[in-house]
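S.K.: Structure in structure tokens, see below.
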Amino acid sequence: MESNRCGWTQHHPLEQSYHDIEWGMPVIDDIQLFEYITLEGAQAGLSWLTVLKKREGYKTAFLNYDLVRLAELNERHVDAIIAQYDVIKHRGKIASVFTNAAAIALQKEYGSLSKALWQFTDGSPINNQWASMAEVPTSTEASKAMSKFLKKKGFKFVGETICYAFMQATGMVNDHAVNCDCYQKVIAKQKLVFSSAPRYHTSN
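Read in my numbering, the sequence shown has 71 at position 36, and its numbers run on one by one without any break.
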């Protein structure tokens, strides 16, 4: 039986797998959140499929997203990463990963990167009810606020559209179409994740 999926998967196996397993599932782990910040920034101007194909290269190049180690690096390391790893060869995007290790400061200020970022949905996943992907916005007031906040904290490649894609990816918003098989799966996952994370609350 064929699955009902959101239209953007374009029938590529990598996109389908990502859509079915990850997209929209709530993420509260700091390392995973930083990975998505990195990957969404890398996507700017490109397709998500391009990023997915290079995902393992990014994980290796950026030390499994170890913020402490990344904060010790700088633009002098960009050329080595370009030469050695399967990443998007954009100097600014690569350098931004080191800059964005400013996430450490957010961990200290808020207790976790997760708390700092989930504040933009008041600590709750938002379950939208789109009939089709054509209705889904590319940015919202929440993503604009997140972008402004992160830029003020020194982050790069965190525009309002990138931030909204990040919010979609990490389950801050559930933007699966209501007829997508994953829509209810995401809601079920929200209940599991947030029942064991009392610092957050859910609202459907």
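Glycine residues also receive a C-beta, built at the ideal position from the N, C-alpha and C atoms.
Keep in mind it's a predicted model, so treat the numbers as computed, not measured.
May I ask you to report which of helix, strand or coil DSSP gives residue 209?
M.R.: Reading the sequence shown from its first residue, position 174 is the one you call residue 209. Of the three classes helix, strand and coil, the one that applies to residue 209 here is strand, per DSSP.
S.K.: Could you give the C-beta distance for residue 60 and residue 221, rounded to a whole number, given that I count them as a contact under 8 Å?
M.R.: Working through the sequence shown from its first residue, we reach residue 60 at position 25. Working through the sequence shown from its first residue, we reach residue 221 at position 186. Residue 60 to residue 221, Cβ: 6 Å. Contact.
S.K.: Measure how close the beta-carbons of residue 123 and residue 179 come, nearest whole angstrom, since I'm counting them as under 8 Å.
M.R.: Position 88 of the sequence shown, counting from 1, holds the residue named residue 123. Position 144 of the sequence shown, counting from 1, holds the residue named residue 179. Actually they are not in contact, since the Cβ atoms of residue 123 and residue 179 sit about 25 Å apart, beyond 8 Å.
S.K.: Going by C-alpha to C-alpha distance, which of 65, 121, 99, 106 sits closest to residue 146?
M.R.: Residue numbering aside, residue 146 sits at position 111 when the sequence shown is read from its first letter. Comparing Cα-Cα distances from residue 146 to each of 65, 121, 99, 106, the minimum goes to 65.
S.K.: Using 8 Å as the cut-off, can you tell me whether the segment 51 to 58 makes contact with the segment 99 to 107, which would need three or more C-beta pairs spanning the two stretches below that distance?
M.R.: Because the criterion of three Cβ pairs below 8 Å is not met, the segment 51 to 58 and the segment 99 to 107 do not touch.
S.K.: Can at least three beta-carbon pairs, one atom from the segment 152 to 164 and one from the segment 76 to 85, be found at a separation below 8 Å?
M.R.: The answer is no - the segment 76 to 85 does not touch the segment 152 to 164, with fewer than three Cβ pairs under 8 Å.
S.K.: Given a threshold of 16 other Cβ atoms within 10 Å of its Cβ, counted over all protein chains shown, does residue 205 qualify as buried or as exposed?
M.R.: Taking the sequence shown and counting its residues from 1, the one referred to as residue 205 is at position 170. When all chains shown are included, residue 205 counts as buried.
S.K.: Just checking my contact of residue 201 with residue 71 at CB under 8 Å: how many whole Å lie between their CB atoms?
M.R.: Residue numbering aside, residue 201 sits at position 166 when the sequence shown is read from its first letter. Residue numbering aside, residue 71 sits at position 36 when the sequence shown is read from its first letter. Rounded, the Cβ-Cβ distance is 6 Å, consistent with contact.
S.K.: Determine the direct distance from the alpha carbon of residue 150 to that of residue 62, and round the result to whole angstroms.
M.R.: Here residue 62 refers to the residue found at position 27 of the sequence shown. Here residue 150 refers to the residue found at position 115 of the sequence shown. If I take the Cα positions, the gap works out to 11 Å.
S.K.: Can you name the start and end residues of the alpha helix (DSSP H) that residue 228 belongs to?
M.R.: Taking the sequence shown and counting its residues from 1, the one referred to as residue 228 is at position 193. Note, residue 228: alpha helix (DSSP H), 217 to 230.
S.K.: Got a sec? Which residues, its chain only, sit under 8 Å from residue 213 by beta carbon, not counting five neighbours each side?
M.R.: Numbered from its first residue, the sequence shown carries residue 213 at position 178. Cβ neighbours of residue 213 beyond the five flanking positions: 164, 165, 166.
S.K.: Is residue 130 near residue 107, with beta carbons less than 8 Å apart?
M.R.: Counting from one through the sequence shown, the residue named residue 130 turns up at place 95. Counting from one through the sequence shown, the residue named residue 107 turns up at place 72. No. Outside cutoff.
S.K.: How should residue 45 be labelled, buried or exposed, when 16 other C-beta atoms within 10 angstroms of its C-beta is the threshold for buried?
M.R.: For the purposes of this step, residue 45 is taken as the residue at position 10 of the sequence shown. With fewer than 16 other Cβ atoms within 10 Å, it is exposed.
S.K.: What number of angstroms, rounded off, separates the C-alpha of residue 103 from the C-alpha of residue 68?
M.R.: On the sequence shown, position 68 is the one that residue 103 refers to. On the sequence shown, position 33 is the one that residue 68 refers to. C-alpha separation (whole angstroms): 15 Å.
S.K.: Leaving out the 5 sequence neighbours to the left and right, which residues in its chain are closer than 7 Å to residue 254 when beta-carbon positions are compared?
M.R.: Residue 254 falls outside the range modelled here, since the chain spans only 36 to 239, and no answer is possible.
S.K.: Less than 6 Å between C-beta atoms, sequence neighbours within five positions excluded: which residues of the same chain meet that for residue 138?
M.R.: Taking the sequence shown and counting its residues from 1, the one referred to as residue 138 is at position 103. Hits under 6 Å: 69, 102, 148.
S.K.: Using a 10 Å radius around the Cβ and a threshold of 16 neighbouring Cβ atoms, would you call residue 39 buried or exposed?
M.R.: Taking the first residue of the sequence shown as position 1, residue 39 is located at position 4. Flag for residue 39 reads exposed.
S.K.: Can you tell me whether DSSP reads residue 123 as helix, strand or coil?
M.R.: Counting from one through the sequence shown, the residue named residue 123 turns up at place 88. The answer is coil: DSSP assigns residue 123 none of H, G, I, E or B.
S.K.: Please say whether residue 198 and residue 41 have beta carbons closer to each other than 8 Å?
M.R.: As a first step, residue 41 is located in the sequence shown; it is residue number 6 there, counting from the start. As a first step, residue 198 is located in the sequence shown; it is residue number 163 there, counting from the start. No; because the gap between Cβ atoms is not below 8 Å, this pair is not in contact.
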